[in-house]
Structures are given as structure tokens and as C-alpha cells.
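Participant:
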Amino acid sequence: HGKTSITSIIMHVLKSLKFDFDYLVGARIEGFDQMTRLSNAPVIIMEGDEYLSSPIDLRSKFIHYKPHIALISGIAWDHINVFKTFDSYCQCFINLVNSMQTNGKLFFYKNDNTLEEIVKNNRDDIERQDYDAYPHIVKDGTTYILENNDLIPMKIFGKHNMENLNAAWNICKEIGISKEDFIKNAKTFKGAAKRL
Numbered sequence: 044h045g046k047t048s049i050t051s052i053i054m055h056v057l058k059s060l061k062f063d064f065d066y067l068v069g070a071r072i073e074g075f076d077q078m079t080r081l082s083n084a085p086v087i088i089m090e091g092d093e094y095l096s097s098p099i100d101l102r103s104k105f106i107h108y109k110p111h112i113a114l115i116s117g118i119a120w121d122h123i124n125v126f127k128t129f130d131s132y133c134q135c136f137i138n139l140v141n142s143m144q145t146n147g148k149l150f151f152y153k154n155d156n157t158l159e160e161i162v163k164n165n166r167d168d169i170e171r172q173d174y175d176a177y178p179h180i181v182k183d184g185t186t187y188i189l190e191n192n193d194l195i196p197m198k199i200f201g202k203h204n205m206e207n208l209n210a211a212w213n214i215c216k217e218i219g220i221s222k223e224d225f226i227k228n229a230k231t232f233k234g235a236a237k238r239l
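Written as C-alpha cells, this is what we have:
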């Protein structure tokens, strides 16, 4: 849960900063004419998908990406038409972790016990960091993030979106975006199409 929203927040922030990047995302995003861009940009942001690559390649799509930085937002058994057991579904994420580049960095949602077991028991040559919701409060129907004793109003709302926001912040930080630039641009993000 949250894959498209997290990817969209990152894309919104990078575009607002005029950062050169390519992307692959699973929804229409305001400000982007297409769901894919491939050029010679130094960074590509990809929304990973555990579903099968094709009828003849039964591996999950995301293992082909071989990421330097990856984020897993949680594990909830999905696609039971092809993953008949919870263990077979979890194996996809073990495969993703094992496909990462040496010395890569893996972020993971800290409140998912299954996910914690997967990321901590695979690979000694990558760095791992958990995350939770961005510190926030809700006041008069508006969600505010808390930053240096300031309340910054957001256009997105709810605890789940604050988890997505913090996930996006971790990725942006890893590719060199300052917190000030992240917040200034993330606060104008309105959400991805057909997502809360």
C-alpha cells in the first residue's frame, strides 16, 4: 500500500526543484504528461510491482530493476491468483532485497512484522533503515506536519499519507534533497489520481 503515492510525492518534489530524473509510475500525476520518462537522466524513480513480469517470465517485475535504493511500504498478501500462499508472496520481497546492488540502501515500514523479518534476515551488504509516519497533527480538519516547532499545512491528509510522506522524504534525502526543499515542495502535493 502506498506505492503510487510515495512515488508521486518524490516525482512532484523533484520536478518542482527542476531535478533531472526519469520515472515510471502507475497513475497519472498532475504536472506530468506521461506515466513514464526514459532519457539519459542520472536518476530514475520507479514504482515497483511484485506482479509477474509476463506470461513467460514468472518472476516479479521489480527484481529486474536491481535498485541502489529501495523502499518496501509493507506486505499485504495480494494477487492470490498467482501467489497461492502467503509464503510465496513473501518470497517476492525476499527476491527484491536479494536483487539490490551491493552497498544499496533499503527503507522499510517499521510496523510490519513480516516485512521486518524479511529485510533483517537477508543480505549483509546493504544498509537498512525503518520509517514510520512523519510527525503530524490534525487540527480543524487540516493535517499539519511538525517541523522545528512549526506547523506546516499539507494538502494530503491522514496517518497513511503521513507514512507515505516520510517514505518519500527518506528517498529524497538519500538522493541529495535538503529537508527544507523537500517540505517546501511536498506541501503543495495534492495526491495521485484515484488515490486518497
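Per our numbering, residue 44 is the first one in the sequence shown, and the count goes up by one each step. Ideal placement from N, C-alpha and C gives every residue a C-beta, glycine not left out.
1) For residue 50 versus residue 93, is the C-beta spacing smaller than 8 Å?
2) For residue 153, I'd like the list of residues in its chain whose CB is within less than 8 Å of its CB, leaving aside the five on either flank, ordered along the chain.
3) With a CB to CB cut of under 6 Å and the five nearest residues on each side skipped, what residues in its chain are close to residue 241?
4) Which residue wins for smallest C-alpha separation from residue 81, given the options 75, 46, 66 and 185?
5) Taking C-alpha atoms, which residue in 95, 53, 70 and 232 lies nearest to residue 7?
6) Does the Cβ-Cβ distance between residue 199 and residue 226 come in under 8 Å?
7) DSSP three-state label for residue 94, please.
8) Cβ atoms of residue 180 and residue 143: under 8 Å apart, would you say?
9) Buried or exposed for residue 45, going by 16 or more other Cβ atoms inside 10 Å?
10) CA-CA distance, residue 217 and residue 228?
11) Taking the C-alpha atoms as reference points, what is the distance between residue 210 and residue 55?
12) Leaving aside the five residues before and after residue 47 along the sequence, list all residues of the same chain whose C-beta is less than 7 Å from its C-beta, in chain order.
13) Can you tell me which of the three DSSP states residue 145 falls into?
14) Going by C-alpha to C-alpha distance, which of 149, 135 and 146 sits closest to residue 103?
15) Can you give the Cα-Cα distance for residue 224 and residue 73, rounded to whole angstroms?
16) Count the other C-beta atoms from every protein chain shown that fall within 10 angstroms of the C-beta of residue 212, then say buried if there are 16 or more, exposed otherwise.
17) For residue 118, does the count of other Cβ atoms within 10 angstroms reach 16, so buried, or fall short, so exposed?
Facilitator: In terms of the structure at hand:
1) It is not a contact, given that the beta carbons lie outside the stated cut-off.
2) 159, 173, 174 and 175
3) Because the chain here runs from 44 to 239, residue 241 falls outside it and cannot be looked at.
4) 66
5) No information on residue 7 is available, as it lies outside the stretch 44 to 239 that the chain covers here.
6) no
7) Here residue 94 sits in coil by DSSP.
8) no
9) buried
10) Taken atom to atom, the span from the alpha-carbon of residue 217 to that of residue 228 is near 17 Å.
11) 14 Å
12) 68, 69, 70, 90, 235 and 238
13) coil
14) 135
15) 19 Å
16) Buried is the call here.
17) Residue 118 comes out buried.
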